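Data block below; observations after.
In our numbering, the protein residues as written are 552 to 715.
In structure tokens:
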């Protein structure tokens, strides 16, 4: 069994699935749980739009999205089936939870920020001043998204199980 928890989006899907298929015995299973859709987290996208519109937006325009995400279950099923798997379960679900703006920032900081502030995903140099400003804008956006002190954090997640 192979289980990918919030990591599938970081890898080339074709190479990953080819290797997973090779690693599994006949009847072996793969399960993934990962962000899905371009608007994988509308709260994060809102914060990133604030970065895009800010004084550092000109630098952010050089950011190249490193993540792989599809828009619907059919696309995920077709992807896995093209690599020899039989998909037994696939669902994209909207997951909601309430958090303080600081908690939302910690969640953002635990994953997404690794992409957004990784110099390898820019075709220009980013410096510490950019990083500090980026973080400030994102934190402010989460505070502005709060109602009664809490942000309703929304994620589009794909849950998929397939068999070799």
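The beta carbon of each residue, even a glycine, is placed where N, CA and C say it ideally should be. As the structure is a prediction and not an experimental result, all values here were calculated from the model.
Would you decide whether residue i is buried or exposed? Buried here means 16 or more other CB atoms lie within 10 Å of its CB.
i           : result
residue 669 : exposed
residue 567 : buried
residue 574 : exposed
residue 709 : buried
residue 554 : exposed
residue 702 : buried
residue 665 : exposed
Have a look at the options and flag the residue whose alpha-carbon is nearest the alpha-carbon of residue i.
i           : options            : result
residue 641 : 622, 658, 647      : 622
residue 595 : 696, 714, 711      : 696
residue 552 : 578, 565, 679, 662 : 578
residue 557 : 654, 590, 619, 715 : 619
residue 682 : 699, 667, 694, 692 : 667
residue 634 : 569, 644, 685, 560 : 569
residue 602 : 636, 691, 698, 704 : 691
residue 689 : 561, 654, 580, 562 : 654
residue 705 : 583, 580, 597      : 597
residue 646 : 559, 587, 626      : 587
residue 651 : 583, 693, 562, 560 : 693
residue 643 : 657, 600, 592      : 592
Would a check of beta-carbon distances place residue i closer than 7 Å to chain C?
i           : result
residue 638 : The displayed structure is made up of one protein chain only, and chain C is not part of it.
Determine which residues share a DSSP beta bridge with residue i and list them.
i           : result
residue 582 : 554, 712
residue 707 : 645
residue 701 : 698
residue 638 : 713
residue 614 : 673
Handout entry: Ranges of the alpha helix (DSSP H) found wholly within the region 642-676, counting only runs of at least 4
Key = Complete alpha helix (DSSP H) runs here, min 4: 652-660, 663-667.
Exercise for the section: Inspect the CB distances between the region 655-673 and the region 601-619 and report whether three or more fall short of 8 Å. Expected result: The region 655-673 vs the region 601-619: in contact.
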